[in-house]
Amino acid sequence: MSASDERYAFMAEWYDPQAALMRKYQLLYYPSDSTVEMYDIKNRRLFLKRSVIDGLRTPDLYIGAIVNIHSRQLTITDFADNFTTSRLKSINEQTLALIKPDALGAGHLGSIVEMIDKEGFVICKAKMVRLTRQEASDFYKEHANQPFYNRLVEFMTSGPVVAMELKGHDAIQRWRKLLGPTDSATAREKSPISVRAKFGTDNTKNAAHGSDSSVSAEKELKFFFGYKRQNTAQFNNCTLCIIKPHAVAEGLTGKIISAILDQGFEVSALQMYHMERANAEEFHEVYKGVVNEYNSMVVELCSGPCLVLEIRGLDAPQKFREFVGPADPEIARHLRPRTIRARFGKDKIKNAVHCTDLPEDGILEVQYFFKILNQ
1 MSASDERYAF
11 MAEWYDPQAA
21 LMRKYQLLYY
31 PSDSTVEMYD
41 IKNRRLFLKR
51 SVIDGLRTPD
61 LYIGAIVNIH
71 SRQLTITDFA
81 DNFTTSRLKS
91 INEQTLALIK
101 PDALGAGHLG
111 SIVEMIDKEG
121 FVICKAKMVR
131 LTRQEASDFY
141 KEHANQPFYN
151 RLVEFMTSGP
161 VVAMELKGHD
171 AIQRWRKLLG
181 PTDSATAREK
191 SPISVRAKFG
201 TDNTKNAAHG
211 SDSSVSAEKE
221 LKFFFGYKRQ
231 NTAQFNNCTL
241 CIIKPHAVAE
251 GLTGKIISAI
261 LDQGFEVSAL
271 QMYHMERANA
281 EEFHEVYKGV
291 VNEYNSMVVE
301 LCSGPCLVLE
311 IRGLDAPQKF
321 REFVGPADPE
331 IARHLRPRTI
341 RARFGKDKIK
351 NAVHCTDLPE
361 DGILEVQYFF
371 KILNQ
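Reading the sequence shown from the start, the letters are residues 1 to 375 in full-length UniProt numbering.
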């Protein structure tokens, strides 16, 4: 099969809120021209004729992925033929990356995510949580008989952690290689550019964790993402930051987080979201009829995964808004060249991040994501 004829087939589902039904489709993707065709499985008919879907790429299509097709959020549930399975399964391996309390407390989250982005991993899911003693004990129960077990559990409950699902070719071994040896001192000797060499202290406070096998990866990803967990949002002295889908797709997440932390702000909650159009419209409703870009803002917000942060600090809404810069990156580059939008934005829609505009809306916007959408 020539590259121009290549076609990948997936099983997908979409929840129809009007009929209260889960509708199932076969989704065909043609990478040569980024077109998609869909068939309604139940009614055995063409649902969507072959159409171009802007921004959709082969790396976006994997089991568990949520993709936006003409304002519908479809979940990929399986590969639909042997060709797709053989071509894509090996390049879509998934693993857990867990950033530990020591690395978060020292402000290394952005730097570690930068290393993940640079290595070419796709971050499919992400969430900041605080483990209870029971949860930490359960997660590390295979080490229960080891002399370091109690110390490890105590350390892992000493502060928040950030769990991420990473995807990519040979993701498990590549992430473990990037981590380096378990003992940070050994890592500095044998793998000086690894995560643990750069950011770890010893063999417990070693910055990050990675699954050691496909069985472990499945179990550990289920542990963190298999059910709803309490987030770490504080809902005080806070404002909202959304790293927009285009910035996530361009691998800018780590650089933006680093910029925020370097400016002295605290990232007190973090979660990756796939926005439904109705939610994006509701969130941006204040701009409807006020700015000409309203519809484009909605489309961008639900075009792919976005990373939502609760930012805390003194006068956080106003000071963070100043640090983000003008909505138009071109203006920002002339007037405020060190701001986030000046450094990472492209235009008024793809301007890297959203931030709360009005001080009185800071808590409300944080509550929208970390309370209302998190129910």
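Built from N, CA and C at the ideal position, the CB exists for glycine as well.
If you draw a straight line from the C-alpha of residue i to the C-alpha of residue j, how long is it?
i           : j    : result
K346        : P329 : 6 angstroms
A342        : P245 : 17 angstroms
D262        : R44  : 55 angstroms
K350        : Y227 : 32 angstroms
residue 444 : P17  : Summary: the structure shown does not reach residue 444, with the chain confined to residues 1 through 375, and so no result is reported for it.
Y273        : C306 : 5 angstroms
Q375        : R130 : 18 angstroms
L28         : E218 : 27 angstroms
P326        : F320 : 12 angstroms
I372        : V286 : 17 angstroms
E310        : F235 : 8 angstroms
Q367        : K89  : 38 angstroms
V52         : D183 : 49 angstroms
G362        : I331 : 24 angstroms
F344        : I243 : 10 angstroms
L46         : E37  : 8 angstroms
Y294        : S268 : 29 angstroms
E281        : T85  : 36 angstroms
G55         : G254 : 21 angstroms
A20         : Q73  : 15 angstroms
F265        : H108 : 13 angstroms
N68         : K24  : 15 angstroms
Which residues in the same chain have their Cβ closer than 7 angstroms to the Cβ of residue i, if we skip the five residues on either side of it in sequence?
i    : result
S258 : G110, S111, E114
L152 : Y140, H143, T204
L178 : M115, E119, S194, V195
F223 : F139
V324 : T339, I340, R341, V353, C355
L98  : V161, A163, A208, H209
D117 : G251, T253, G254
Any idea what DSSP makes of residue i, helix, strand or coil?
i    : result
T75  : strand
T186 : helix
L335 : helix
A327 : coil
N68  : strand
Y140 : coil
E114 : helix
K371 : helix
A352 : coil
Y62  : coil
A106 : coil
A9   : strand
Q134 : helix
K319 : helix
Return the chain-ordered list of same chain residues with a C-beta closer than 6 angstroms to the C-beta of residue i, the five sequence neighbours on each side being excluded.
i    : result
R277 : S71, C302
F121 : L166, G168
H284 : M297, V298
I91  : H169
R333 : A342
C241 : L309, I311, V353, C355
P317 : T239, T356, P359, G362
Name the DSSP bridge partner or partners of residue i?
i    : result
W14  : R23
D40  : Y25, R45
S51  : V36
G210 : A97
H284 : In DSSP, H284 forms no bridge with anything.
L309 : C241, L270
Y294 : In the DSSP output, where bridge partners are listed per residue, Y294 has none listed.
K127 : A163, Q271
V215 : Note: V215 sits in no beta bridge, so no partner.
V122 : K167
Y30  : T35
Closer than 7 angstroms, CB to CB, is residue i near chain C or not?
i   : result
M38 : Among the chains in the structure shown there is no chain C, since it carries only a single protein chain.
Hey, is residue i close to the ligand GTP, as in C-beta under 6 angstroms from one of its heavy atoms?
i    : result
S111 : This structure lacks the ligand GTP; in fact it carries no ligand of any kind.
Short of 8 angstroms in beta carbon distance, which residues of its chain neighbour residue i, apart from the five on each side in sequence? Order them along the chain.
i    : result
A65  : T75, I76, C124
S214 : E93, I172
A106 : F199
Q26  : A9, F10, M11, A12, M38, Y39, I41, A80
Segments assigned alpha helix (DSSP H), at least 4 residues, entirely inside the stretch 232 to 260 | Counting whole runs of 4 or more residues, the stretch 232 to 260 contains the alpha helix (DSSP H) stretches 245 to 249.
For the stretch 148 to 197, which segments carrying the beta strand (DSSP E) assignment without a break, of at least 3 residues, lie completely within its bounds, in sequence order?
-> 161 to 168
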